[in-house]
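Residue numbering for the sequence shown follows the numbering used here, beginning at 606 and increasing consecutively.
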Amino acid sequence: MRFKAVLFDMDGVIIDSEPLHRKAYFSMFKEVGIKVSNPLFESFTGQATLHICTQLVNHFKISQSPESLVAIKRNYFKELFFNDPALDLIPGVHDLIMDYYANGMTLVLASSASMPNINNVFARFDLDKYFVAKLSGADLKASKPHPEIFLKAAQASGYDKSQCLVIEDSTNGIKAAHNAGIYAVAYNSPNSKNQDYLLADKVIVDFNEITFDKLGKIPT
């Protein structure tokens with residue numbers, strides 16, 4: 606079998622948090638007085654919050670700093686995270702994680718989310734025991750679609766990138782995996798609308814399509 610490690614995105618792949626992020630972002634947009642179109646918002650999917658807010662400041666000529674927008678958005682998201690009953694894991698992903706873990710796969714989290722948010726999610730759903738490392742794009746110089754996070758995640762796995770696969774749900778995430786030269790599986794999530802999976806090596810709509818037993822049958 607070629608694949609030894611799986612590099613997971615988090616939002617939209619492990620956790621069904623995209624609706625919460627959307628609510629938090631649009632609450633922030635309203636507070637700072639900007640109107641963001643759906644196409645513009647959807648183009649941000651998979652990027653780190655600071656990178657998104659920097660683009661917003663430049664695009665709308667906002668007087669506030671990107672960091673202040675980040676703080677506003679994160680306050681809204683924190684409130685939703687702890688109080689919105691709709692927050693849950695993506696259907697089937699917990700079984701997939703346990704399947705990989707039981708079969709000796711090495712799992713690494715590579716997310717654009719902040720590390721406090723990652724830690725909150727992993728604590729809430731008891732995921733730390735399955736993963737050898739967690740990487741936050743918010744701590745890196747470049748944001749997806751830059752390949753940095755997946756190159757570092759592959760390194761953290763202890764395997765060559767040719768033995769890794771990425772599971773992503775966003776255009777920017779798939780581009781990042783492609784730019785890193787790592788096999789990219791696109792999860793066509795109902796929450797990540799209007800994403801482009803042209804550069805993905807495989808597109809799935811159900812995690813049962815990439816269970817451990819089926820990975821060996823993926824043409825490479």
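Yeah, the Cβ is synthetic: ideal placement off N, Cα and C, and Gly gets one too. Note that this is a predicted model, so its numbers are computed, not measured.
Rounding to the nearest angstrom, what Cα-Cα distance links residue i and residue j in this structure?
{"i": "Val611", "j": "Leu694", "result": "18 Å"}
{"i": "Pro696", "j": "Asp616", "result": "13 Å"}
{"i": "Ala789", "j": "Asp806", "result": "5 Å"}
{"i": "Glu623", "j": "Tyr630", "result": "10 Å"}
Just mark residue i as buried or exposed, buried being the case when its beta carbon has 16 or more other beta carbons within 10 Å.
{"i": "Asp744", "result": "exposed"}
{"i": "Lys822", "result": "exposed"}
{"i": "Gly742", "result": "buried"}
{"i": "Met633", "result": "buried"}
{"i": "Leu674", "result": "buried"}
{"i": "Ser767", "result": "exposed"}
{"i": "Ala782", "result": "buried"}
{"i": "Lys749", "result": "buried"}
{"i": "Ala718", "result": "buried"}
Starting from the Cα of residue i, find the closest Cα among the options and give me that residue.
{"i": "Lys628", "options": "Met720, Tyr681, Leu701, Ile815", "result": "Tyr681"}
{"i": "Cys769", "options": "Tyr705, Thr776, Ser794, Asn722", "result": "Tyr705"}
{"i": "Tyr764", "options": "Val808, Ile815, Thr711", "result": "Thr711"}
{"i": "Ala785", "options": "Ser717, Val810, Ala758", "result": "Ala758"}
{"i": "Ala747", "options": "Phe730, Glu636, Asn643, Thr654", "result": "Thr654"}
{"i": "Ala715", "options": "Leu645, Ile639, Ser762, Asp801", "result": "Ser762"}
{"i": "Lys780", "options": "Val698, Val662, Gln652, His656", "result": "Gln652"}
Going by DSSP, what residues sit across from residue i in a beta bridge?
{"i": "Lys739", "result": "Leu714"}
Taking CB distances under 8 Å as the criterion, tell me whether residue i reaches chain D.
{"i": "Asp765", "result": "Absent from the structure is chain D; it holds one protein chain and no more."}
Checklist line | alpha helix (DSSP H) runs contained entirely in the region 759–794, provided each spans 4 or more residues | finding: 776–785
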